[in-house]
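J.: Residue numbers (my numbering), protein chains in the order written: chain A, 3 to 309; chain B, 20 to 333. Glycine residues also receive a C-beta, built at the ideal position from the N, C-alpha and C atoms. This structure is in structure tokens; I'll ask about it shortly.
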Amino acid sequence: MLIVDTDPGTDDAAAIMTLLASGTKVDAFVSVYGNVPEHKTTSNLQRLLDIVGETNTARYRGTHRPMYGEQVAAKHIHGEDGMSGAFAEPRHDLPELPRVNYVSMLREATEPVTIIALGPLTNIGSALAAAPDVVDKIERIIFMGGAVLTYGNETAAASFNAVNDPTAAAIVYDSGVSIAQVGLDVCRPAEIPIKPLLPFRDSTTPAGQLIWTLLNEHFLVKRAGGLTEDSVIRFNDAPCVAYFLHPELFRTERLPVMIETEGRYTRGATVADFPGYTGREPNTDVLLEIDVDGYAALISDLLLTYL
Amino acid sequence: MPEVRPVVVDCDPGLDDAVALAMVVASPELDLIGVTTLAGNASLAHTTANAGALLELLGLPAELPFHTGHAGPLARVQREPDEPIHGPGGMGDIELPAPRQPRPGHAVDWLAETIRERPGEVTIIAIGPLTNVAGLLLHHPDVAPLIGDVVVMGGAAFVQGNLTARAEFNFHADPEAARYVAESGVPLRIVPLDVTRRALVTGEDIDRLRAAGGIAALMGDMLAYLARGFERRHGIRACAVHDALAVAALLEPELMVWEHAAITVECSGEFTRGELIVDTHGRLGREPSAAVATGIDAERFRTLMHRRLTAVSH
């Protein structure tokens, strides 16, 4: 069973489109606050799934704020709507989604569950706090977040998704569940050249037009002064999907990883104990290196199926 | 800046401190104008006795200023021991001459006087915890703008720590002092584990030093002691000479890749106390205040170290 927990988010959208293009069967999509407030991530998720024709899979709305502390949003990356303007026109005709109940969803699961977590870990952390027994139903969590041998993207030391709710992240990391940490160590170098994707400029399908907006309005493209043939973009959530589909594109190390919840400058940092100072059991496959060319080709090829 | 740079070595010997001190003495570009000690690799009594013995060994003039400083961290009572690396007295199994005695007067006060006399000229090579440097800035704030610069061996910027997963020994030994210095605005060059760990001295380097005789051979013996510990832990006959890298940074800065950034040190944190924060992308909202070494030409460092150590007369 596969659950995608997500805060769309431009890079969430790219990751989900990539995953679905691979033919992977997803059993449920769950929203969470993050890149933008929850009401927007929820409607963005619905609109995205409608556009790509993923209409029969269960959809839920998740938590709207961290378990502890303040939410930080990322409008400077994703735009006011969270989708680089693609969904700037609000829609008022979308059905109200049911609230997620991870505890019953996991307790009722008849096969091991994989969760691809593309946003803050609040949905999962709060469920594990409420019912630690459900951890047995989770085979692994593939989490986009963390920074081990590199600097953070929200603070100098911590990544956006972990710093948004270090409490929830700490509950998940300490729960005994097996984690694959797809952090900035691999997401930051994961540049995708835009050139093979340029045909989306003339795409007439709604999905193709959405992809074009994600490319053309990408913050890196805008920061570089506009789109050229040599533009590169990054979709930080897409390496999660690449790892799920092709783990051989990455070098990983199995390590004990703890979440710092107290530090003044390091709150939300993923502390990887390489030398084993803590004596803790390894709980995380930390992704440390990426085959950038192989990754970029995989993502481009999958996105091109929407042309 | 004068052609020959006046330097003070603020140290906690420590085997790698000894190598650093010998490199300073062997370098005509540097004028060693004083040595200050503090607790770190061993207790203050040990580091001071070790420094006193090294000054004898290196044949330094009796009138060279030599002062003791802090016996433990700025804001805590307890010192964290580092004896497993450097041996019980801080100098492994090395036989040293009888130590000379330090002068009366606290290191911090002597530093302040000396810097006031030579405004803008003096470089402090700080290769222990930053307690003395922070103490200097606390007790003599007027001196801050008069310090030429401080070259610090400490921290782990984008690599794992050597005392905890995220913290390096010198910064972890006194995070409050390290943070005080990091945020002080004094010109800083930070030489962290990112470079010291990558500039390993090999077993062959050590053998060549031991074959050279004199001071170089003794330094070779010290490195051999460190290398035995390193080999037990990592299975390779080699060792890092952390403190010597701070001297190398001064002698040949182009040997290293430098990042200019605002820095600070985590003083709270369940897992991150003592972590050096290098803010390369302006997330702290502060002006860049330090040059941080993040890359090194290890080959060139080894050559530099060998050349200097074999040039020590005596």
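I need the boundaries of the beta strand (DSSP E) containing S24 (chain A), first residue and last residue.
T.: Looking at the DSSP string, S24 (chain A) is not in any beta strand (DSSP E), and its letter there is neither H nor E.
J.: Leaving out the 5 sequence neighbours to the left and right, which residues in its chain are closer than 7 Å to Q211 (chain A) when beta-carbon positions are compared?
T.: Result list for Q211 (chain A): S205, in chain order.
J.: Secondary structure at M110 (chain B), three-state DSSP: helix, strand or coil?
T.: Note: M110 (chain B) maps to coil in three-state DSSP.
J.: Would you list the residues sitting across from P195 (chain A) in a DSSP beta bridge?
T.: Beta-bridge pairing links P195 (chain A) to A:V234.
J.: Please confirm if E291 (chain A) has its CB atom under 7 Å from at least one CB of chain B.
T.: So no, E291 (chain A) is outside the interface.
J.: Where in the stretch 57-120 of chain A do unbroken runs of the beta strand (DSSP E), each at least 3 residues long, occur, reported from the N-terminal end onward?
T.: With a minimum length of 3 residues, the continuous beta strand (DSSP E) runs that stay inside the stretch 57-120 of chain A are 60-62, 115-119.
J.: Using the rule of at least 16 other Cβ atoms within 10 Å of the residue's Cβ for burial, across every protein chain shown, is I292 (chain A) buried or exposed?
T.: Buried.
J.: Does the Cβ of R109 (chain A) have 16 or more other Cβ atoms within 10 Å, making it buried, or fewer, making it exposed?
T.: Looking at its Cβ environment, which holds fewer than 16 other Cβ atoms inside 10 Å, R109 (chain A) is exposed.
J.: With which residues is F31 (chain A) paired in a DSSP beta bridge?
T.: According to DSSP, which records beta bridges pairwise, F31 (chain A) is partnered with A:V6, A:R61.
J.: Take T221 (chain B) as the anchor and find which of B:V170, B:A196, B:E250 has the nearest alpha-carbon.
T.: With distances taken between Cα atoms, T221 (chain B) lies closest to B:E250.
J.: I143 (chain B) bridges to which residues according to DSSP?
T.: According to DSSP, which records beta bridges pairwise, I143 (chain B) is partnered with B:V27, B:V169.
J.: Counting only beta-carbon separations shorter than 7 Å, does T299 (chain B) have a partner in chain A?
T.: For T299 (chain B), the answer is yes, since a Cβ of chain A falls inside 7 Å of its Cβ.
J.: Since A201 (chain B) and I282 (chain B) should fall inside the 8 Å C-beta cutoff, what is the C-beta to C-beta distance between them, to a whole number of angstroms?
T.: Sure, about 5 Å apart at Cβ, within 8 Å.
J.: Could you give the distance in angstroms between the alpha-carbon of L304 (chain A) and the alpha-carbon of G296 (chain A)?
T.: Using only the alpha carbons, I get a separation of about 12 Å.
J.: Give the DSSP bridge partners of G59 (chain B), in chain order.
T.: None; G59 (chain B) has no bridge partner.
J.: Is there a C-beta anywhere in chain A that falls below 7 Å from the one on Q179 (chain B)?
T.: At least one chain A Cβ lies under 7 Å of Q179 (chain B).
J.: Since P208 (chain A) meets chain B, which of its residues come closer than 7 Å, beta carbon to beta carbon?
T.: Under the 7 Å cutoff, chain B gives no residues; its nearest Cβ is about 36 Å from P208 (chain A).
J.: Which same chain residues, not among the five before or five after M20 (chain B), have their C-beta less than 6 Å away from its C-beta?
T.: Legend: pLDDT at M20 (chain B) = 45, less than 50; position of this residue unreliable, value from coordinates given subsequently. Same-chain partners within the cutoff: there are none.
J.: Can you grab the Cα-Cα spacing for the pair A117 (chain B) / G71 (chain B), in whole Å?
T.: Cα to Cα, the separation comes out at about 8 Å.
J.: Hey, could you find the ends of the alpha helix (DSSP H) T44 (chain A) is sitting in?
T.: Start and end: 40-53.
J.: Mind checking K224 (chain A): buried by the 16 CB within 10 Å criterion, or exposed?
T.: K224 (chain A) is exposed by the Cβ-count criterion.
J.: Would you please state the rounded distance, in angstroms, between the beta carbons of E40 (chain A) and V34 (chain A)? I believe it to be under 8 Å.
T.: Confirmed, about 7 Å.
J.: Over the uninterrupted alpha helix (DSSP H) stretch that includes D287 (chain A), give me the two end residues.
T.: D287 (chain A) -> not in any alpha helix (DSSP H); beta strand (DSSP E) instead, spanning 286-292.
J.: Step through the CB atoms of chain B and report whether any lies within less than 7 Å of the CB of T268 (chain A).
T.: Yes, T268 (chain A) lies at the interface with chain B (some Cβ there is under 7 Å from its Cβ).
J.: Look up H220 (chain A) in the DSSP assignment and say whether it is helix, strand or coil.
T.: DSSP places H220 (chain A) in coil when its eight states are reduced to three.
J.: Using a 10 Å radius around the Cβ and a threshold of 16 neighbouring Cβ atoms, would you call N166 (chain A) buried or exposed?
T.: Per the 10 Å Cβ criterion, buried.
J.: Could you tell me which residues DSSP puts in a beta bridge with A280 (chain B)?
T.: A280 (chain B) is bridged to B:A309.
J.: Name, please, each residue of chain B whose Cβ falls closer than 7 Å to the Cβ of D275 (chain A).
T.: Per Cβ cutoff of 7 Å: A184.
J.: I want to verify the contact list: residues of chain A whose CB lies under 7 Å from the CB of I104 (chain B), in sequence order.
T.: By Cβ distance, chain A contributes nothing, its closest Cβ being about 14 Å from I104 (chain B), past 7 Å.
J.: Select from A:A17, A:E250, A:I5 the residue whose C-alpha is nearest the C-alpha of V243 (chain A).
T.: The shortest Cα separation from V243 (chain A) among A:A17, A:E250, A:I5 belongs to A:A17.
J.: Determine, for G265 (chain A), whether the minimum Cβ-Cβ distance to residues of chain B falls below 7 Å.
T.: True, the Cβ-Cβ gap to chain B drops below 7 Å.
J.: Have a look at B:P25, B:A37, B:V26, B:D31 and flag the residue whose alpha-carbon is nearest the alpha-carbon of Y244 (chain B).
T.: Of the candidates B:P25, B:A37, B:V26, B:D31, the one whose C-alpha sits nearest the C-alpha of Y244 (chain B) is B:A37.
J.: Taking Cβ positions, are I146 (chain B) and D50 (chain B) nearer each other than 7 Å?
T.: Their beta carbons are not under 7 Å apart, which means I146 (chain B) does not touch D50 (chain B) by this criterion.
J.: Quick test of your reading: A164 (chain A) and T272 (chain A), contact by CB under 8 Å. State the CB separation rounded to the nearest angstrom.
T.: A164 (chain A) to T272 (chain A), Cβ: 6 Å. Contact.
J.: From which residue to which residue does the alpha helix (DSSP H) around D298 (chain B) run?
T.: No alpha helix (DSSP H) contains D298 (chain B), which is instead part of the beta strand (DSSP E) from 295-298.
J.: Do you know whose CA, among A:D83, A:F145, A:A159, lies nearest E285 (chain B)'s CA?
T.: If we check each option's Cα against that of E285 (chain B), A:A159 comes out closest.
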